[in-house]
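Undergrad: For reference, the structure I am asking about is given below.
Residue numbers (this note's numbering): 1 to 268.
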């Protein structure tokens with residue numbers, strides 16, 4: 001069962017056979033993220049391979065910057081599933097562990113290969129193909145799942161003044177994104193300006209720009225559309241060719257199913 005708080009999803013599970021641990025449910029991270037305290041408490045006994053850091057490195061998101069204290073690679077049991085990938089030990093003290101649930105797998109049963117998010121019931125489960133009703137669902141092409149689920153689609157966008165444009169590109173299905181959609185500045189801002197979209201800007205007391213965005217009268221990505229909402233534009237993520245991120249609220253109490261084996265995302 002998922003618990004929704006401030007647009008984000010949380011759950012509880014055992015990690016490495018430790019007592020129930022609070023988990024920040026993610027798909028938009030490069031790996032599992034734990035504080036030093038959480039690492040010492042629940043992961044230190046695992047045979048993880050340490051990756052030596054050559055210099056001081058940081059883990060960046062659109063909201064935070066955290067110093068990486070140690071970096072590991074390996075397997076971590078989460079409930080009856082297994083996480084395999086990178087483990088970032090960071091210098092901040094969250095009261096939860098961040099896990100990219102798109103990288104959890106059942107090692108005991110390889111037929112359990114679909115990851116289903118039911119945003120109406122707030123349920124995340126891992127199911128067999130015959131247990132999922134896929135016939136009436138639309139599809140995105142999944143071009144990458146490790147470390148993040150990246151899909152390709154055409155976006156159709158218009159504002160209240162009649163400006164519009166269409167663009168094909170990559171999007172990150174970001175479960176931790178509290179917004180329906182947000183764009184990456186480098187890949188989307190030029191197209192928005194070229195098509196005369198009004199860019200809203202917010203500034204701090206010093207006059208420096210701290211946020212940009214547009215108001216979308218209509219936004220359609222693939223076969224899913226939404227009307228009348230704001231889309232932020234972030235400059236925190238520059239080294240990507242993706243157009244932006246799509247969050248759970250874009251699907252408006254719908255269902256999203258990841259099928260990494262067949263490189264598909266089903267949605268309705």
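Where a beta carbon is used, it is the ideal one built from N, C-alpha and C, also for glycine. Just so you know, these numbers come straight off a predicted model, no measurement behind them.
Residues in the same chain with beta-carbon distance under 7 Å from residue 229, minus the five sequence neighbours each way, listed in chain order, please.
TA: Here the question's residue 229 lines up with position 229 in the chain shown. Within the same chain, residue 229 has close Cβ partners 180 and 216.
Undergrad: Check whether the Cβ of residue 37 lies closer than 8 Å to any Cβ atom in chain D.
TA: The structure shown contains no chain D, having only a single protein chain.
Undergrad: Straight-line CA distance for residue 187 to residue 18?
TA: Walking along the chain shown from the start, residue 187 turns up at place 187. Walking along the chain shown from the start, residue 18 turns up at place 18. Their Cα atoms are separated by approximately 43 Å.
Undergrad: Please classify residue 90 as buried or exposed, where buried requires at least 16 neighbouring CB atoms within 10 angstroms.
TA: Along the chain shown, read from residue 1 onward, the residue named residue 90 stands at position 90. The residue is buried, with at least 16 neighbouring Cβ atoms inside 10 Å.
Undergrad: Across the segment 14 to 34 and the segment 99 to 115, are there enough close Cβ pairs to call them in contact, namely three or more that are closer than 8 Å?
TA: The segment 14 to 34 vs the segment 99 to 115: in contact.
Undergrad: With a threshold of 6 Å on Cβ separation, who are the neighbours of residue 65 within its own chain once the five nearest residues in sequence on each side are excluded?
TA: Taking the first residue of the chain shown as position 1, residue 65 is located at position 65. So the qualifying residues of the chain are 58.
Undergrad: Where does residue 211 land, buried or exposed, given buried means 16+ other C-beta within 10 angstroms?
TA: Against the chain shown, residue 211 aligns to sequence position 211. Classification for residue 211: exposed.
Undergrad: Excluding the 5 residues flanking residue 74 on each side, which residues of the same chain have their C-beta closer than 6 Å to its C-beta?
TA: On the chain shown, position 74 is the one that residue 74 refers to. Cβ neighbours of residue 74 beyond the five flanking positions: 48 and 49.
Undergrad: Applying the 10 Å Cβ sphere with the 16-neighbour rule, what's the burial state of residue 128?
TA: Taking the chain shown and counting its residues from 1, one reaches residue 128 at position 128. Classification of residue 128: exposed, given that the 10 Å Cβ count is below 16.
Undergrad: Let me know the secondary structure DSSP gives residue 249 once reduced to three states.
TA: One-based indexing of the chain shown puts residue 249 at position 249. Three-state result, residue 249: helix.
Undergrad: Tell me residue 12's beta-bridge partners as DSSP assigns them.
TA: In the chain shown, counting from the first residue as 1, residue 12 sits at position 12. DSSP, once it has assigned bridges, lists 22 as partnering residue 12.
Undergrad: Ignore the nearest five residues each way along the sequence and tell me which others in residue 12's own chain have a CB closer than 7 Å to its CB.
TA: Along the chain shown, one-based indexing puts residue 12 at 12. The answer, listed in chain order, is 20, 21, 22 and 23.
Undergrad: Can you grab the Cα-Cα spacing for the pair residue 190 / residue 243, in whole Å?
TA: The residue given as residue 190 occupies position 190 in the chain shown. The residue given as residue 243 occupies position 243 in the chain shown. Whole-angstrom Cα-Cα distance: 11 Å.
Undergrad: Using three-state DSSP, classify residue 47 as helix, strand or coil.
TA: Counting from 1 along the chain shown, the entry for residue 47 is found at position 47. Note: residue 47 maps to coil in three-state DSSP.
Undergrad: Run the CB neighbour count on residue 105, radius 10 Å, all protein chains shown included, and call it buried at 16 or more, exposed below.
TA: Taking the chain shown and counting its residues from 1, one reaches residue 105 at position 105. Result: buried.
Undergrad: What do you get for residue 247, buried or exposed, if any count of 16 or more other CB atoms within 10 angstroms of its CB means buried?
TA: For this step, residue 247 is matched to residue 247 along the chain shown. Answer is buried; the Cβ neighbour count reaches 16.
Undergrad: Helix, strand or coil for residue 199? Go by DSSP, reduced to three states.
TA: What you label residue 199 is simply residue 199 of the chain shown in a count that begins at 1. It is coil, neither helix nor strand.
Undergrad: Per DSSP, which residues does residue 82 bridge with? Please list them.
TA: For the purposes of this step, residue 82 is identified with residue 82 of the chain shown, where counting begins at 1. 77 and 105, per the DSSP bridge assignment.
Undergrad: Hey, out of 3, 2, 67 and 87, whose CA is closest to residue 40's CA?
TA: For the purposes of this step, residue 40 is taken as the residue at position 40 of the chain shown. Among 3, 2, 67 and 87, the Cα nearest to that of residue 40 is on 87.
Undergrad: Which class does residue 34 belong to by DSSP, given the choice of helix, strand or coil?
TA: Along the chain shown, read from residue 1 onward, the residue named residue 34 stands at position 34. Of the three classes helix, strand and coil, the one that applies to residue 34 here is strand, per DSSP.
Undergrad: Who are the Cβ neighbours of residue 249 in its own chain at under 6 Å, not counting the five residues just before and after it?
TA: Translated into positions along the chain shown, residue 249 becomes position 249. These residues qualify, in order along the chain: 180.
Undergrad: Could you tell me which residues DSSP puts in a beta bridge with residue 218?
TA: Residue numbering aside, residue 218 sits at position 218 when the chain shown is read from its first letter. Paired residue(s): 158 and 227.
Undergrad: For the beta strand (DSSP E) that contains residue 144, what are its first and last residues?
TA: For the purposes of this step, residue 144 is identified with residue 144 of the chain shown, where counting begins at 1. Segment 138 to 144, the beta strand (DSSP E) holding residue 144.
Undergrad: Among the candidates 115, 96 and 196, whose CA atom is the shortest distance from the CA of residue 255?
TA: Taking the chain shown and counting its residues from 1, the one referred to as residue 255 is at position 255. If we check each option's Cα against that of residue 255, 115 comes out closest.
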